[in-house]
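Take a look at the structure below.
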Amino acid sequence: MSKPKKGVLLVNLGTPDSPSVPDVKRYLTEFLLDGRVIDIPAWRRSLLVRGVIVPFRAPKSAKLYRAIWDDNTGSPLLHYSVRQQQLLQERLSGEYHVELAMRYQNPSISRALARLKSMNLDSIRVIPLFPQYASASTGSVIDKVMELMRTWHTFPGVSFVNDFYENDLMIEVFAENALKHHPETYDHILFSYHGLPVRQLNDVEVSGTHDCEKAGCRQQIAEHNRYCYLAQCHATTRLLAKRLGLKETDYTVCFQSRLGKTPWVQPYTSDVLKDVAAKGKKRLLVFCPAFVSDCLETVYEVGTEYALEFKELGGEKVQLVESLNDHPKWITALEQLVYRDLPEWLQKDKLTV
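With numbering that gives the first Met the number 0, letter number 43 in the sequence shown gets 42, and the count goes up by one each step, no holes.
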């Protein structure tokens with residue numbers, strides 16, 4: 000077998016090493032101390048995270064993780080991330096070596112990069128596994144990779160995938176997963192994305208004064224709002240709605256998992272649940288297109304917490320649309336991302352569908 004000359008680094012958000020309170024504390028502490036996640040002065044962030052948030056949230060989060068944890072495979076996010084790495088490695092030729100890392104906790108980015116460095120590669124392709132760009136997710140991964148590589152004396156060619164919110168195969172997999180549940184039998188559809196503080200969108204434009212409502216981010220994506228998380232979420236939704244033949248009145252875009260009292264992107268999923276229940280909707284189909292692997296935010300937050308909340312409001316059913324997970328077409332989409340932006344003559348005959 001020929002020696003690999005190119006590296007691929009897949010990076011997802013992260014997961015505790017176990018559902019124990021100490022491991023959840025370590026995970027939450029590393030995650031929330033990231034200045035791109037909670038973007039306030041470091042001393043305030045440390046006091047808030049170490050003194051208030053983590054001691055309060057860790058025991059509760061540990062209980063939730065235990066509810067979705069598998070004794071053999073661990074968290075769903077880790078299980079499916081490992082599967083994606085393994086299946087992508089099988090798809091790529093022997094000149095590629097694929098590593099998996101988590102932005103927070105294990106497997107760590109530092110260890111993955113150390114392995115890639117030892118292979119004396121010609122290039123490394125970094126793919127943060129977040130369809131829509133945000134400074135707190137994709138931006139944080141890029142920042143961490145660059146920080147860790149800063150000490151290297153020699154560099155291979157390094158490239159990053161910023162987003163893939165419009166990837167056709169990704170859209171196709173979400174649509175196929177939805178069709179298994181017969182969307183026509185539901186009263187309304189939610190596209191629930193991970194939330195983000197509004198202030199983190201200000202720097203989308205060079206002026207630092209980006210305003211989603213003035214920029215029309217819910218209606219269009221163009222050069223001026225190309226890196227706006229809200230605009231990319233709505234763009235993904237429009238593509239999915241078109242694929243499924245949905246009208247605008249059939250669905251609502253909303254945002255979950257907010258933290259603290261600062262304004263986050265709206266509408267909040269919990270508020271939308273109240274609204275649709277008040278309108279007499281009984282059955283909801285819910286997509287979570289910000290996640291490529293099922294995880295705590297999909298399996299538990301939507302599949303359990305929101306389902307219970309909706310029933311208490313008078314609803315009957317909340318059905319989660321499964322994420323991309325290890326679907327063969329999603330692995331092909333990852334293969335596309337490895338080759339994307341290469342000169343056309345280098346892309347030819349690369350993909351296996």
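No residue lacks a Cβ here, since even glycine has one placed at the ideal position from N, Cα and C.
Taken atom to atom, the span from the alpha-carbon of Phe254 to that of Asp162 is near 19 Å. With fewer than 16 other Cβ atoms from the protein chains shown falling within 10 Å of its own Cβ, Pro40 counts as exposed. Pairwise C-beta distances place the stretch 216-227 out of contact with the stretch 310-322, as fewer than three of them are shorter than 8 Å.
Lys328 carries a helical assignment under DSSP once its states are collapsed to helix, strand and coil. Boundaries for Tyr132: no alpha helix (DSSP H) harbours it, and the DSSP string shows neither H nor E there.
Rounded to the nearest angstrom, the gap between the Cα atoms of Ile170 and Phe286 is 11 Å. Sequence-distant partners of Phe30 (beyond 5 residues in either direction) whose C-beta falls short of 6 Å from its own C-beta, in its chain, are Tyr103. In this structure Val51 is exposed. Its beta-carbon is surrounded by fewer than 16 other beta-carbon atoms within 10 angstroms.
When rounded, the separation of the alpha-carbon atoms in Pro288 and Ala277 is 25 Å. Within the same chain, Cβ atoms closer than 6 Å to the Cβ of Glu321 are found at Asn176, the five residues on either side in sequence being excluded. With 16 or more neighbouring CB atoms inside 10 Å of its own CB, Asn166 falls in the buried class.
Nearest to Val81 by C-alpha distance, out of Tyr305, Leu312, Val291, Pro3, is Val291. A straight line joining the alpha-carbon of Lys4 with that of Gln88 spans about 13 Å. Contact between Ala234 and Leu195 is ruled out by a C-beta separation of about 15 Å, above the 8 Å threshold. Within the DSSP secondary-structure output, Gly6 pairs in a beta bridge with His96, Ile123. Leaving aside the five residues that flank Leu91 on each side, the residues in its chain whose CB is nearer than 8 Å to its CB run, in chain order, Val7, Val97, Glu334, Val337. Every beta strand (DSSP E) of 3 residues or more that sits fully in the stretch 154-183 is shown, in chain order, as 156-159. Asp340 and Gln231 have their C-alpha atoms some 19 Å from each other.
Distances from the alpha-carbon of His152 to those of Phe173, Thr137, Asn119, Ile141 put Asn119 closest. When DSSP states are grouped into helix, strand and coil, Trp68 belongs to the coil group. Within its own chain, the residues whose Cβ lies closer than 7 Å to the Cβ of Leu238, once the five positions on either side in sequence are excluded, are Glu165, Ile170, listed in chain order. Per the Cβ contact rule, the stretch 129-147 is not in contact with the stretch 292-305 (fewer than 3 Cβ pairs under 8 Å). The count of Cβ pairs closer than 8 Å, one atom from the stretch 183-195 and one from the stretch 241-257, reaches three, so the stretches are in contact. In this structure, Val53 sits near Lys24, with a CB-CB distance shorter than 8 Å.
Apart from sequence neighbours up to five positions away, the residues of its chain that approach Ser158 with a beta-carbon distance below 8 Å are Ser122, Ile123, Arg124, Val125, Asp340, ordered along the chain.
Look at Pro75 here: in three-state DSSP terms it is helix.
As computed with DSSP, Tyr192 is found in a beta bridge with Phe254. Per DSSP, reduced to three states, the secondary structure at Ser17 is coil, with no helix or strand assignment.
The criterion of a C-beta distance shorter than 8 Å is satisfied by Gln83 and Asp325. Proximity to Lys62 across Ile37, Ser45, Asp22, Ala100 peaks at Asp22, based on C-alpha coordinates. Here DSSP, grouped into helix, strand and coil, assigns Asn224 to helix. Beta-bridge partners assigned by DSSP to Phe286: Phe190.
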